[in-house]
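Structure first, then comments.
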Amino acid sequence: MKKWLAILTLALGLGLAQQPVTIQYWHINTETFGLPAVRDLIAEFQKRNPNIKVEERFNQNSYTGLLQNLQAALAGGNPPDVTQIGYLYTSYVSENFPYVPLTDLSTKFGGSLSRFPANVMALGQVDGKQLGMPYALSSIVTYYNADLFKKAGLNPDRPPQTWAEWRAAAQQLKERTGKPIYIQLLDDNWSLESLIASNGGSLLGCQGGHAVPAFASKEAVEALQFWADLVKDGLAINALWNQGEQAFLAGEAGAYMTTIAKRAGLQTAAQGKFELHGTHFPTFGSKPARLPGGGNVLVVFSKDSAKQEAAWKFIQFLTSDEGFTLWTKGTGYVPLLDKLADDPRYLKDFMAQNPIQRVGLQQLPNVYRWTSFPGSNGLAASQALFKATQRALGGQATAQVALSDAAQEVSGLIKGEKCLR
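Residue 68 is where the sequence shown starts when you use the numbering used here, and the numbers rise one by one after that.
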């Protein structure tokens, strides 16, 4: 009798395991920002796992918009199964959302995490806990229109490397072609942090074990004021991300500073219009570039065990050698398994043929973890800093005043929050 019960239990278990399951995958990828790659990856995964269907959902306004939608879905009791969480919101999600730790999934359903270097896994950790699987990693780079460079009398094979050189080049572009440059503007503060950090500043400090705003420092003020002066003098566009990108692709901007993850989409969009080149994000003189790593971790919110297992299988495929190869080719994100860049079975030939992609790899030593404001008011703190940037770029306040006001507001929002590792 016991034997038959055991067999019956096993049969039921196998039956349940083989039942079709549908999972939702939330992402921020547009048609020019990796959506074709997302769909190719899903198609390949479903081919290998016919009992699992993956429904993808695009979320507007990048990681901030996704986070707001996720909050609403969790409140309604119907969260997605796998979600891209931007590095800047890892602390916020870890402290406020009911996620399924990656180690729990690995223990319950199998699958080793040891194939990933410790520094890679650390991207998905908050206070030593593994929030999710690091998936996308990028840094901000400079794309430029080689045709406009030539018209302006600039050498496209020797692009500017410092901010002083870029200001001079922007002046020449404006005078001879009428075209400014564009620096990505979005409420994730990624471009601003890249500027501030490369000038020796930071967004957050730690005093007595508690987080405090540090973005009203001399270095931070100088960085934001430099950007604001470019806008004031007509050398840079003050526009949100989509508008700025459209201007660049229409030939209305000579350069575009944004994520390396846009590489594939921009190459496709620029084809037949102008010659697209790329170079490093500028430095402030001889100061070393310090760049917050853009991108995301894959986090599971499934409540159902079958969906958790399917979600974990999907994550394992996305971060496999084959998955990362498709992802890098279809976006521009840096492969988190750097061995793939030297492996002829995966990315070696591709990297050799794509000089813009190599820029992202070359900047890796300068990349650090994107700053995440702690506590339940972390999202509000991030928005306060973005409003300060808008005030400065719009000429409503100097960088000094805008950042000082924001620092006072953020001090209240994160008061008493501990410094997170």
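Ideal Cβ placement from N, Cα and C applies to all residues, glycine included.
For clarity, every value in this text was computed on a predicted model and none was experimentally measured.
Item to check | Whole beta strand (DSSP E) elements within the segment 95 to 169, 3-residue minimum | outcome: 119 to 125, 149 to 153
Item to check | Option in Ala-377, Thr-325, Ala-373 with minimal Cα separation from Gly-361 | outcome: Thr-325
Item to check | Closest residue to Ala-264 among Pro-223, Ser-181, Pro-349 (Cα-Cα distance) | outcome: Pro-349
Item to check | Spatial neighbours of Leu-221 in its chain, beta-carbon cut-off 8 Å, leaving aside the 5 residues before and after | outcome: Ala-236, Gln-239, Leu-240
Item to check | Whether Gly-199 touches Val-366 by CB criterion (8 Å) | outcome: yes
Item to check | Cut-off 8 Å between Cβ atoms - residues of its own chain near Gln-424, not counting five sequence neighbours on either side | outcome: Ile-327, Arg-330, Thr-395, Gly-399, Phe-417, Met-418
Checklist entry - Considering only residues of the same chain and omitting the five flanking positions on each side of Gln-375, which have a CB-CB separation below 7 Å? => result Val-167, Leu-172, Val-367, Ser-369
Checklist entry - Per the contact definition of three or more C-beta pairs closer than 8 Å, is the segment 480 to 487 in contact with the segment 267 to 282? => result yes
Item to check | CA nearest to the CA of Val-435, picked from Phe-125, Tyr-211, Trp-257 | outcome: One point to set straight first is that residue 435 is Tyr, not Val, in the sequence displayed. Selected option, being the one with the closest Cα: Trp-257.
Item to check | Member of Phe-282, Phe-216, Asp-255 whose CA lies at the smallest distance from the CA of Glu-319 | outcome: Phe-216
Checklist entry - Using CA coordinates, which residue listed in Cys-273, Val-426, Tyr-202 is at the minimum distance from Met-188? => result Tyr-202
Checklist entry - On the premise that Ala-283 lies in contact with Ala-474, defined as a C-beta separation below 8 Å, what is that separation, rounded to the nearest angstrom? => result 4 Å
Item to check | Where the beta strand (DSSP E) through Pro-279 begins and ends | outcome: This sequence places Val at residue 279; Pro is not what is there. It spans 277 to 280 - the beta strand (DSSP E) in which Val-279 sits, taken as one unbroken run.
Item to check | Selection from Val-160, Phe-183, Ala-290, Phe-125 that minimises the alpha carbon distance to Thr-386 | outcome: Phe-183
Checklist entry - How should Glu-98 be labelled, buried or exposed, when 16 other C-beta atoms within 10 angstroms of its C-beta is the threshold for buried? => result exposed
Checklist entry - In angstroms, rounded to a whole number, what distance separates the CA positions of Asn-266 and Gly-178? => result 42 Å
Checklist entry - Could you give the residue range of the alpha helix (DSSP H) that holds Ser-449? => result 445 to 460
Next on the checklist: Contact defined as beta carbons within less than 8 Å: I believe Leu-393 pairs with Pro-402. What is the distance between those atoms, to the nearest angstrom?
Outcome noted: Actually they do not touch by this definition, with Cβ atoms about 11 Å apart.
Next on the checklist: Within 10 Å of its beta-carbon, does Leu-83 have 16 or more other beta-carbons around it, so buried, or fewer, so exposed?
Outcome noted: Any reading at Leu-83 must be qualified, since the residue scores a pLDDT of 43, below 50, and its modelled position is unreliable; no value is offered.
Item to check | Chain-order list of residues whose beta-carbon lies under 7 Å from that of Glu-289 (same chain, five-residue window excluded) | outcome: Asn-266
Checklist entry - Would you call Lys-482 buried or exposed, if buried means 16 or more other Cβ atoms sit within 10 Å of its Cβ? => result exposed
Checklist entry - From what residue to what residue does the alpha helix (DSSP H) around Ile-263 run? => result 257 to 265
Checklist entry - DSSP state of Ser-485, grouped into three classes? => result As written in the sequence, residue 485 is Lys, which differs from the Ser given in the question. Residue state, collapsed to three classes: strand.
Checklist entry - For Leu-358, which residues from the same chain have a beta carbon less than 8 Å from its beta carbon, with the 5 sequence-adjacent residues on both sides left out? => result Ser-206, Ile-207, Ser-261, Ala-264, Ser-265, Phe-348, Gln-430, Asn-433, Val-434, Tyr-435
Next on the checklist: I'd like the span of the beta strand (DSSP E) that includes Arg-436, first residue to last.
Outcome noted: 434 to 436
Next on the checklist: Let me check understanding here. Comparing Cα to Cα, which of Thr-335, Thr-229, Gln-310 lies closest to Leu-253?
Outcome noted: Gln-310
Next on the checklist: If distances are taken between C-alpha atoms only, which option among Lys-380, Asn-145, Lys-406, Leu-407 comes closest to Phe-176?
Outcome noted: Lys-380
Item to check | With 16 other Cβ atoms within 10 Å as the buried cut-off, status of Gln-127 | outcome: exposed
Checklist entry - Does the segment 406 to 413 touch the segment 137 to 144, meaning 3 or more C-beta pairs lie closer than 8 Å? => result no
Checklist entry - Which value, in whole angstroms, describes the spacing of the CA atoms of Phe-351 and Asp-296? => result 15 Å
Checklist entry - Between which two residues does the beta strand (DSSP E) containing Gln-274 stretch? => result 271 to 274
Item to check | Which of helix, strand or coil DSSP assigns to Leu-221 | outcome: coil
Checklist entry - To the nearest angstrom, how far is it from the Cα of Trp-71 to the Cα of Phe-112? => result Residue placement at Trp-71 is flagged as unreliable, the pLDDT there being 46, under the threshold of 50; the coordinate-derived value follows with that caveat. Roughly 36 Å separates the two Cα atoms.
Checklist entry - Does the distance from the CB of Leu-155 to the CB of Asp-255 come in under 8 Å? => result yes
Checklist entry - Straight-line CA distance for Val-477 to Pro-441? => result 11 Å
Item to check | Cβ neighbour criterion (16 or more within 10 Å) applied to Pro-117 | outcome: exposed
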